[in-house]
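Engineer: Below is one structure. I have some questions about it.
Residue numbers (our numbering): 7 to 222.
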């Protein structure tokens, strides 16, 4: 799942550090190349750090359920089929479909719950960066400069609020794909992907209900 889905399905009201943990494995990987959180391997005394760790563990569990969920696999198949039937070639379309489905879920959630991203950022404004860095240090992740730079950008740009627009999630998709070595999308590919997004959005109402049951 992507950021907004993790927050929507698993957040706890009044527990911002736990809610941070729901996103932290992905944020850390985005901010620090090659970094991977392993919260289950560390015994933490600090109660706030324990909350972060519990959120991280929930992130891992939810991703495990989501990636084996038949609805996700069906949406991936639908997305890939749409790409291939368009006649416009997209390299590693199965990978592109994986990321795109997750982004479209975020988009659908934001369109149905317009304040969702605002709630997330408001929640995170109360966090102490030193507490976050202390948690990372206990997990032997010490590239604090890269993390702080990424965190500052994440909080200032607030790009998750833009996911309501299809061009924004396609931009995010393009960035992710280029990071793994794929070429940037051409205009024709973007047009084709916009159609795929519309097809996926039409499936989301029923699928989100099923996903919520799956994660309970």
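We put the CB at the ideal spot given by N, CA and C, even for glycine.
Would you say the beta carbon of residue 73 is closer than 7 Å to some non-hydrogen atom of the ligand FMN?
Structural biologist: This structure lacks the ligand FMN, and indeed carries no ligand of any kind.
Engineer: Along the chain, which unbroken stretches of the alpha helix (DSSP H) at least 4 residues long are found entirely within the region 37-92?
Structural biologist: 53-74, 76-91, all fully within the region 37-92.
Engineer: From which residue to which residue does the alpha helix (DSSP H) around residue 156 run?
Structural biologist: Note, residue 156: alpha helix (DSSP H), 150-163.
Engineer: CB-CB under 6 Å to residue 152, same chain, minus the five flanking residues each way: which ones, in chain order?
Structural biologist: Within the same chain, residue 152 has close Cβ partners 37, 38.
Engineer: Can you give me the start and stop residues for the alpha helix (DSSP H) that residue 191 sits inside?
Structural biologist: Note, residue 191: premise wrong, no alpha helix (DSSP H); not H, not E.
Engineer: Can you give me the C-alpha to C-alpha distance between residue 135 and residue 154, rounded to a whole angstrom?
Structural biologist: If you take the alpha carbons of residue 135 and residue 154, they lie about 8 Å apart.
Engineer: Using the C-alpha atoms, what's the distance from residue 29 back to residue 96?
Structural biologist: Cα to Cα, residue 96 sits roughly 29 Å from residue 29.
Engineer: Within 10 angstroms of the Cβ of residue 173, are there 16 or more other Cβ atoms? Answer buried if so, exposed if not.
Structural biologist: Exposed, by the Cβ-count rule.
Engineer: Can you have a look at residue 215 and say buried or exposed, based on whether 16 or more other CB atoms are within 10 angstroms of its CB?
Structural biologist: When all chains shown are included, residue 215 counts as exposed.
Engineer: Would you call the region 59-73 and the region 193-201 in contact, with 3 or more CB pairs under 8 Å?
Structural biologist: No, they do not touch.
Engineer: If you check the beta carbons only, do residue 58 and residue 93 fall under 8 Å apart?
Structural biologist: Contact: no.
Engineer: Would you grab the beta carbon distance between residue 89 and residue 202 for me? Rounded to a whole angstrom, and I think it's under 8 Å.
Structural biologist: Going by Cβ atoms, the distance from residue 89 to residue 202 rounds to 6 Å, so yes, they are a contact pair.
Engineer: Just to confirm, are residue 207 and residue 102 a CB contact at a threshold of 8 Å?
Structural biologist: Taking 8 Å as the Cβ cut-off, residue 207 and residue 102 do not qualify as a contacting pair.
Engineer: Since residue 188 contacts residue 98 with CB under 8 Å, what's their CB separation in whole angstroms?
Structural biologist: That pair is a contact at about 6 Å.
Engineer: Output needed for residue 113: all residues of its chain with C-beta closer than 6 Å, excluding positions within five of it in sequence on either side, in chain order.
Structural biologist: Once the five neighbours on either side are set aside, the close Cβ partners of residue 113 are 169, 175.
Engineer: Count the other CB atoms, across all protein chains shown, that sit within 10 Å of the CB of residue 31; report buried if there are 16 or more and exposed otherwise.
Structural biologist: Buried.
Engineer: May I have the straight-line CA-CA distance separating residue 43 from residue 34, to the nearest angstrom?
Structural biologist: Straight-line Cα distance between these residues: approximately 8 Å.
Engineer: In chain order, what residues of the same chain have a beta carbon less than 7 Å from the beta carbon of residue 50, not counting five sequence neighbours either side?
Structural biologist: Once the five neighbours on either side are set aside, the close Cβ partners of residue 50 are 56, 59, 144.
Engineer: CB residue 123 to CB residue 221, shorter than 8 Å?
Structural biologist: No, the Cβ-Cβ distance between residue 123 and residue 221 is not below 8 Å.
Engineer: Of the residues 21, 84, 115, which one's Cα is nearest the Cα of residue 61?
Structural biologist: Nearest option by C-alpha distance: 21.
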